[in-house]
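Undergrad: Starting off with a structure, shown below.
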Amino acid sequence: MLWQTKRLEVLQHLQQQRVIPLAVRRCAVKQSLWHPRYSCETIRQLASLLQAGLPLAEGLSLLAQQQSHAQWQALLEALGRELARGVAFSAALAQWPRAFPPLYLAMISTGELTGKLDICCLQLANQQQEQQRLASKVKKRCATR
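In terms of the UniProt record's numbering, the sequence shown opens at residue 1 and continues consecutively.
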């Protein structure tokens, strides 16, 4: 599975791989796959890899290989390709607004500018986890009333 947001990018990537596609079609993805829980989990794992000293591109590649959801695997591979083209990580994430909301972009951009991407990723993951915990607590309270 190859995943890009633009048809031309798909065709260019396949051409670079010397593959001639018989057809390129758009596929719908279940909204539930973009649940904040997955984004948070991915950013937390990336923070751990960065703190262990792995370069960003290698970290994304490793996460893609370990991903159980084909859509997330394709997304992580697409991010890696964007990095290889010289696109900033925050700009690459911006192409996936359903998976990475504006707060992610701001925190990642801050990490890029300060050289502390690992710390910013970890803080972002912690903040998102706490937000999800509070949202769950509020939903439970509302359901019991």
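Even glycine gets a Cβ: it sits at the ideal position worked out from N, Cα and C.
Within 10 Å of its beta-carbon, does Glu58 have 16 or more other beta-carbons around it, so buried, or fewer, so exposed?
TA: Looking up residue 58 in the sequence shown gives position 58. It is exposed - the Cβ of Glu58 has fewer than 16 other Cβ atoms within 10 Å.
Undergrad: Residue ranges of each alpha helix (DSSP H) run of no fewer than 4 residues wholly in the region 76-131, ordered along the chain?
TA: 89-94, 102-114
Undergrad: At which residues does the alpha helix (DSSP H) containing Leu56 begin and terminate?
TA: Locating residue 56 in the sequence shown gives position 56, counting from the first residue. Secondary structure note for Leu56: its alpha helix (DSSP H) is the uninterrupted segment 56-66.
Undergrad: Where does Val138 sit, in a helix, a strand or coil, going by DSSP?
TA: Taking the sequence shown and counting its residues from 1, the one referred to as residue 138 is at position 138. DSSP places Val138 in helix when its eight states are reduced to three.
Undergrad: Can you tell me where the alpha helix (DSSP H) holding Leu20 begins and where it ends?
TA: On the sequence shown, position 20 is the one that residue 20 refers to. For the record, residue 20 in the displayed sequence is Ile; it is not Leu. Unbroken run through Ile20: none, as it is neither H nor E.
Undergrad: Could you give the first and the last residue of the continuous alpha helix (DSSP H) run that contains Ala47?
TA: Locating residue 47 in the sequence shown gives position 47, counting from the first residue. Segment 36-51, the alpha helix (DSSP H) holding Ala47.
Undergrad: In whole angstroms, what is the alpha-carbon distance linking Arg37 and Gln71?
TA: Position 37 of the sequence shown, counted from the start, is the residue given in the question as residue 37. Position 71 of the sequence shown, counted from the start, is the residue given in the question as residue 71. Near 15 Å, if we compare the C-alpha coordinates of Gln71 and Arg37.
Undergrad: Just how far apart, CA to CA, sit Val24 and Asp118?
TA: Locating residue 24 in the sequence shown gives position 24, where the first residue counts as 1. Locating residue 118 in the sequence shown gives position 118, where the first residue counts as 1. Distance between the alpha carbons of Val24 and Asp118: 36 Å.
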